[in-house]
Amino acid sequence: MIRNNQIADLFDEIADLLDLQQENPFRIRAYRNAARLLRGLQREVADMLAKGEALDELPGIGADLAGKIRDVVETGGTELLYRLRRELPHGLVELLRVPGLGPKRAKQLHDELHIASLAGLRAAAHAGKLTKIRGLGPKMQATILAATEAPPQEKRILRWRAKPVVDSLLAHLKAAPGVQQVAVAGSYRRARETVGDLDFVATAKDGAAVVAHFIAHEDVAKVLAQGATKASVQLRDGLQVDLRVVDEESYGAAMVYFTGSKAHNIAIRRLALQAKLKINEYGVFKGSKRLAGKTEDSVYKALGLPFIVPELREDRGEIAAARRLPDLVERRDLKGDLHSHTKASDGQSSLEEMVAAAQAAGLRYLAVTDHSQRLTVAHGLDRKRLERQRAQIDKLNARLKDFRVLKGIEVDILEDGKLDLPDAVLGELDLVVAAIHSHFNLAPEKQTTRLLRAMERPYFTILAHPTSRLIGEREGCRFDMDRIIKAAAARGCFLELNAQPERLDLTDIHCQAARAAGVLVSIGSDAHRPADLDFLAYGIGQARRGWLSAEDVLNTRPLSRLLPLLKRTMG
DNA sequence: GCCGTTTTCGGCCCGACTGTTTTCAGTCG
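All the letters of the first sequence, read from the start, carry residue numbers 2 to 572 under this note's numbering.
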């Protein structure tokens, strides 16, 4: 079965090739929009087709694109793509990755110098042939040469990894001469799980002075562009950072504009056009009159919308639903954590240390869920060791005030869907968190059956890190998430949003689906040491992107309301 | 290629910066 992401890759390739042919830009955009839609879709289109569902109901997909999607699902490709690949060498697409080279210049290089790959470009640059191209001066040639020697890797980094950089740059910018306001925008502000670059917005009377201060930051390796109101730099670690300086009257408009997402911006711009207004990074205008722009609130208001929080700005229905958006969950709503480890398995800290950390983090309960016996690498617990831990927890609970340690386990879901410990053992616990740690690559139908079987066990509370993906490292297991969510709703059990920054599993899209089905999501830190409780903040970010309110999250409930819900799943 | 409370045709987001220009095209976000 071909996945949405693979289809999206092919559509992006079609868009690149059409771009090189200088096709109608709006036709190209249609393919890029379709690719983006596919990447953000909750369900696999292959499944939808198998169930006989119409694809042209999807926004931006008409009869033609629906047909091409069907082609790709059924045959792995589509005639247009094959034709374009025959007409243009595939290597030309590589050239588009070189900074400063767009479709026009890439095509020109191909037509005039017969360059058809990065290797060809490098050879031509070394031979000094590029001077023949009108518009390619010495500077561009140097850029191209550098890019072909060390091809730019457009690697997205985990949002978590970007945090120290963001903090450092914010502090630096706040010290810029004459600067008034400074904020981070872009996908970082939208709490996307990974970021490709960082965007900052500042206000000041003298933009050039702020720009000059910005590029003097100690981590700046290269200045890519520098003007009176904006600059782009590359940091030593390769991360690109953009700064835009506007005056105070435009701060809100600039924040909206640079927070994105691009799709959200296009959607609100369309809305503005319908109202005969113009929106850009300076404000909302009627003719030349500025109606709004100082605050984000004013910008949305001028468009007839209430404020939309950054995490929702993905053009996934937030504009149509703007008047009835959920009040999103916040970190302070969390009353406890239902997934943690101790030294008993692969954690690094004692039970007491973990509990103290949970108390310090403002929580009122913590479920200790060490691994089960099958996971020998993690020193998983067998029946006897689990019994000892239970006794230890009972003793500790007797001493604790206003805090409760819940007895749990992160039990392995075996290949056949059985759980790694007998029901009699699991039934003694407060909750059972179950997860896949092996056989990630079962065929989707088998994987679905495996999970459904596990969920049918009498003591099954939470499906932990449901897909077991590791962002950028390991694709998630393939299974029918739709059926799992439906089964969880029917069974009255829960799905975890694992808050480890490299997991964030469920995804935002799956959270939205769980919410729609009325399945409560448990935001679990999966902490292996006290500091890991900070991961909860990343889980919250993802939950907010998934439209979850406090009510949609299991562990926002105080113990008195939580226990009956857990009990319901425990036989 | 998509889409429709002005429209089934004629729209489709728009401004800053760079490099190489003598007034602007290409790229980028």
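Note that beta-carbon positions come from the ideal geometry of N, C-alpha and C, so glycine has one too.
N- and C-terminal bounds of the alpha helix (DSSP H) containing residue i
| i | result |
| --- | --- |
| ARG291 | Not the alpha helix (DSSP H): ARG291 falls in the beta strand (DSSP E), residues 290-293. |
| ASN398 | 384-400 |
| LEU225 | Taken as a continuous stretch (DSSP letters only), LEU225 belongs to no alpha helix (DSSP H), being part of the beta strand (DSSP E) at 221-227. |
| LEU56 | Element bounds for LEU56: n/a, residue is neither H nor E. |
| VAL212 | 208-216 |
| PHE461 | Where PHE461 is concerned, there is no enclosing alpha helix (DSSP H), given that its DSSP letter is neither H nor E. |
| LYS140 | 139-150 |
| LYS108 | 104-114 |
| GLY187 | 187-190 |
| ALA64 | 64-76 |
| HIS127 | 119-127 |
| PRO565 | 560-570 |
| SER299 | 297-303 |
| PHE12 | 5-21 |
| LEU93 | 93-96 |
For residue i, the residue or residues it bridges with in DSSP
| i | result |
| --- | --- |
| ASP431 | BP columns for ASP431 are empty, so no partner. |
| ASP200 | ASP243 |
| HIS265 | DSSP, once it has assigned bridges, lists no residue as partnering HIS265. |
| GLY284 | ASN281 |
| ALA368 | LEU407 |
| VAL554 | VAL522 |
| SER341 | ALA528 |
| LEU471 | ARG475 |
| VAL606 | Here the chain has residues from 2 to 572 only, and residue 606 is not among them. |
Whether residue i touches residue j by CB criterion (8 Å)
| i | j | result |
| --- | --- | --- |
| ARG391 | ASP421 | no |
| ASP533 | SER526 | yes |
| GLY348 | ARG530 | yes |
| VAL166 | LEU236 | yes |
| GLU474 | HIS340 | no |
| ILE541 | GLU315 | no |
| THR195 | ILE134 | no |
| ARG545 | GLU312 | yes |
| ALA16 | ILE8 | no |
| LYS336 | THR570 | no |
| ASP506 | PRO459 | no |
| LEU555 | LEU566 | yes |
| TYR366 | LEU560 | yes |
| LEU131 | LEU137 | yes |
| LYS108 | LEU21 | yes |
| ASP200 | ALA186 | yes |
| ALA268 | VAL300 | no |
| ALA368 | ASP338 | yes |
| GLN182 | TYR83 | no |
| ALA117 | ARG160 | no |
| ALA229 | LEU244 | no |
Rounded separation between residue i and residue j - CA only
| i | j | result |
| --- | --- | --- |
| VAL234 | PHE308 | 31 Å |
| ALA357 | THR296 | 41 Å |
| PRO445 | ASN499 | 22 Å |
| GLU58 | VAL202 | 38 Å |
| PRO60 | ALA31 | 11 Å |
| ALA491 | ASP481 | 16 Å |
| ILE3 | GLY41 | 15 Å |
| LEU407 | PHE27 | 57 Å |
| ALA345 | ASP383 | 11 Å |
| ALA514 | PHE495 | 13 Å |
| LEU432 | THR370 | 9 Å |
| ARG470 | ALA55 | 29 Å |
| ALA143 | ARG86 | 30 Å |
| ALA217 | HIS173 | 9 Å |
| GLU45 | LYS302 | 36 Å |
| ARG1 | ILE62 | There is simply no residue 1 to check, as the chain begins at 2 and stops at 572 in what is shown. |
| ARG325 | GLU150 | 52 Å |
| GLY78 | ASP72 | 6 Å |
| ILE599 | LEU39 | A query on residue 599 cannot be resolved here, the shown segment of the chain reaching from 2 to 572 and no further. |
| SER350 | ILE410 | 16 Å |
| TYR189 | GLY519 | 29 Å |
Bounding residues of the beta strand (DSSP E) (the contiguous stretch that carries residue i)
| i | result |
| --- | --- |
| PHE495 | 495-499 |
| LEU236 | 231-236 |
Any non-hydrogen atom of the ligand FAD within 7 Å of residue i CB
| i | result |
| --- | --- |
| TRP548 | For the structure depicted, the ligand FAD is absent and the ligand set is empty, with no information on it obtainable. |
Between the region 284-294 and the region 319-336, do three or more beta carbon pairs fall short of 8 Å?
-> No: the two stretches stay apart, fewer than three of their Cβ pairs being nearer than 8 Å.
Please determine if the region 263-274 and the region 214-228 are in contact, where contact requires at least 3 C-beta pairs separated by less than 8 Å.
-> Result no; under three Cβ-Cβ pairs closer than 8 Å.
Any contact of the region 448-462 with the region 401-418, i.e. 3+ C-beta pairs under 8 Å?
-> A contact between stretches requires three or more CB pairs, one per stretch, nearer than 8 Å, and the region 448-462 meets this requirement with the region 401-418.
Within the chosen definition, does the region 459-467 reach the region 431-449 through at least 3 CB pairs nearer than 8 Å?
-> Judged by pairs of C-beta atoms under 8 Å, the region 459-467 touches the region 431-449, as three or more such pairs exist.
Is the number of C-beta pairs between the region 86-100 and the region 109-122 that are closer than 8 Å three or more?
-> With the cut-off at 8 Å, the region 86-100 and the region 109-122 touch.
Does the region 174-184 come close enough to the region 210-222 that 3 or more CB-CB pairs lie under 8 Å?
-> Judged by Cβ distances under 8 Å, the region 210-222 makes contact with the region 174-184, as three or more pairs qualify.
Taking three-plus beta-carbon pairs below 8 Å as touching, is the region 34-41 in contact with the region 10-17?
-> Because the criterion of three Cβ pairs below 8 Å is met, the region 34-41 and the region 10-17 touch.
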